[in-house]
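Inspection log for the structure reproduced underneath, given as structure tokens.
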Amino acid sequence: ETGVTQTPRHLVMGMTNKKSLKCEQHLGHNAMYWYKQSAKKPLELMFVYSLEERVENNSVPSRFSPECPNSSHLFLHLHTLQPEDSALYLCASSQDTGSGEKLFFGSGTQLSVL
Amino acid sequence: QQQVKQSPQSLIVQKGGISIINCAYENTAFDYFPWYQQFPGKGPALLIAIRPDVSEKKEGRFTISFNKSAKQFSLHIMDSQPGDSATYFCAATPGSTLTFGKGTMLLVSP
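These protein sequence lines map, in sequence, to chains A and B. Going by this note's numbering, the first sequence opens with residue 33, and the numbers climb by one from there. Going by this note's numbering, the second sequence opens with residue 6, and the numbers climb by one from there.
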């Protein structure tokens, strides 16, 4: 399997649920990212990890909690979300954060919060 | 404050026509300008990119035109095909994380 793989592809959760999104990259990259994609809005960078260390956190609410156990895996833990958090959540990787412009994206998890 | 402004929001072009998408930026520190293409159900994928030391870059039917003084760049798709129907995002970076435009939904009619 190649590229960046995200699971699940679709997720429906209530506001009191706890769920996790998973991302795995098979490219040997050192940097991984979480982006939020909402309709008619620019892609919003949420978190950046470089060699399993968080290097950027763009004022994301604490109900989103990232985890990067190694350079190939990235998780986004979700709890007590709000309906406005419904969006497509994209994982991406790059060789390193210095070349962050060359991103390789997964297909995303479409999240609906009821 | 949106740092990369993209237009139009949507575009319909006939097969064989030229599709043009425009972006403008504000930050003069930006030095890399990629375009990403996203098909439904897929993540964005890098399509073509340019640095400000050249005014144009062409790859097949896709061309980026860059105007440094105007702080504008555009994507031209020549001989547009139905398979080009997708959402296109411009982006810019000073060398680290990307700032994206809002995207343009392109539909190429048969």
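Cβ atoms here follow ideal geometry from the backbone N, Cα and C, with glycine treated the same way.
Annotation: the continuous beta strand (DSSP E) that includes T109(B) extends over T109 to S114.
Of all residues in the segment 47 to 79 of chain A, the ones placed with a Cβ closer than 7 Å to any Cβ belonging to chain B are K72, K73, P74, L75 and L77, in chain order.
Take E76(A), set aside five residues on each side of it, and the residues of its chain with a beta-carbon closer than 6 Å to its own are K68, in chain order. In this structure, DSSP gives P13(B) a state outside helix and strand, which the three-state scheme calls coil.
Using a Cβ-Cβ cut-off of 7 Å, P49(B) is close to F137 of chain A, given in chain order. Uninterrupted beta strand (DSSP E) stretches at least 3 residues long and entirely within the segment 39 to 63 of chain A occur at 42 to 45 and 50 to 57, given in chain order. For L52(B), no chain A residue has a C-beta closer than 9 Å to its own C-beta; the minimum C-beta separation is roughly 12 Å. Neighbourhood of L108(A) in chain B, by CB distance below 7 Å: empty, with the nearest CB roughly 15 Å away. I17(B) and K76(B) have their C-alpha atoms spaced approximately 26 Å apart. Note that the C-beta distance between V80(A) and Y65(A) is below 7 Å. Note that the C-beta distance between S144(A) and S118(A) is below 7 Å.
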